[in-house]
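Q: Numbering (UniProt numbering), first residue to last: 1 to 274.
This is the structure I want to talk about, given as structure tokens.
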């Protein structure tokens with residue numbers, strides 16, 4: 001296999017110093033990686049063993065999945081996670097058909113996830129094994145298969161629609177397998193997005209009591225950031241550069257920001273959380 005000149009995908013390798021590509025590396029790059037010394041300098045500047053990079057301890061491995069109703073933004077959210085973690089250098093787009101997890105021709109043609117796809121990346125000292133599951137009702141069995149191996153799941157909701165039909169189905173599947181979940185309200189910048197309506201929809205339709213970890217700053221066109229309920233910090237995204245990739249933001253405490261309304265809401269949510 002090493003004699004082949006074709007390119008191959010090697011998920012554990014997040015970047016190559018030779019060809020500067022993150023997603024696809026050449027066989028020559030793979031040979032160079034295999035020839036690394038037993039101990040080498042990690043890009044972060046610390047000395048790590050090759051074994052620790054390839055096989056982290058079990059305590060540092062997380063198997064999580066993303067589930068939702070169709071078009072809630074699961075694959076787009078996955079692309080953001082890969083981009084922010086450094087696994088990819090560019091943001092993939094479902095409409096452009098260049099996402100990492102939607103690799104089948106039918107998926108790229110239709111713009112939907114048909115088959116569950118797994119991808120691995122590192123984040124804050126942990127190895128994340130992420131499974132992007134289908135949202136279409138015809139492929140519910142793919143979600144069922146994925147849930148059997150998960151430590152936890154992220155339930156994605158369209159903030160303009162709240163809980164939808166397939167959202168309820170996959171939630172019940174997760175209940176069946178006793179999978180811990182967090183809810184992520186996507187598309188807060190979409191026309192008609194409502195944080196309060198979405199949270200209330202989760203309460204009423206899923207019969208749960210959600211604990212708020214973040215609060216939005218604005219909605220729809222006015223959406224510009226979030227409030228961290230735990231730290232009581234506000235995070236404002238800076239899109240003035242024209243490249244709205246979410247990597248540029250400003251963070252400061254609510255006390256420093258001086259927004260009494262946000263501070264009051266954050267204190268109420270934090271009190272409920274504690």
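Glycine residues also receive a C-beta, built at the ideal position from the N, C-alpha and C atoms.
(1) How many whole angstroms separate the CB atoms of residue 185 and residue 159, which I take to be in contact at a CB cut-off of 8 Å?
(2) Tell me residue 62's beta-bridge partners as DSSP assigns them.
(3) Would residue 215 pass as a contact of residue 269 if the rule is Cβ separation under 8 Å?
(4) Quick check: the Cα distance between residue 124 and residue 58, rounded to an integer number of angstroms?
(5) Expressed to the nearest angstrom, what Euclidean distance is found between the alpha-carbon atoms of residue 217 and residue 253?
(6) Taking only the alpha-carbon atoms, compute the straight-line gap between residue 106 and residue 135 and give it to the nearest angstrom.
(7) May I ask you to report which of helix, strand or coil DSSP gives residue 148?
(8) Cβ of residue 90 within 8 Å of Cβ of residue 102?
(9) How would you write the range of the beta strand (DSSP E) that residue 253 sits in, first residue to last?
(10) Taking 8 Å as the threshold (C-beta atoms), are residue 64 and residue 147 in contact?
(11) Does the distance from the CB of residue 275 to the CB of residue 257 come in under 8 Å?
(12) Is the beta carbon of residue 213 less than 8 Å from the beta carbon of residue 234?
(13) Grouping DSSP H, G and I as helix and E and B as strand, with all else coil, what is residue 184?
(14) Counting along the chain, where does the alpha helix (DSSP H) carrying residue 268 start and finish?
(15) For a test of the three-state rule: what should DSSP assign to residue 88, helix, strand or coil?
(16) With residue 234 as the anchor, note down where its beta strand (DSSP E) starts and where it stops.
(17) Could you check what DSSP says for residue 199 in three-state terms: helix, strand or coil?
(18) Which residue's Cα is closest to the Cα of residue 178: 152, 202 and 140?
(19) Report the rounded CA-to-CA distance for residue 362 versus residue 99, giving the unit in angstroms.
(20) Can you say whether residue 167 is buried or exposed, counting buried as having 16 or more other CB atoms within 10 angstroms of its CB?
(21) Using the Cβ count rule (16 or more neighbours within 10 Å means buried), how would you classify residue 145?
(22) I'd like to confirm the pairing. Which residues does DSSP put opposite residue 217 in its beta bridges?
A: Inspection of the coordinates gives the following:
(1) 4 Å
(2) 128
(3) yes
(4) 15 Å
(5) 14 Å
(6) 15 Å
(7) coil
(8) no
(9) 249-253
(10) no
(11) Here the chain covers residues 1 to 274 and nothing more, so residue 275 does not appear.
(12) no
(13) strand
(14) 260-273
(15) coil
(16) 233-237
(17) helix
(18) 152
(19) Only positions 1 to 274 of the chain appear in this structure, which leaves residue 362 out of reach.
(20) buried
(21) exposed
(22) 225
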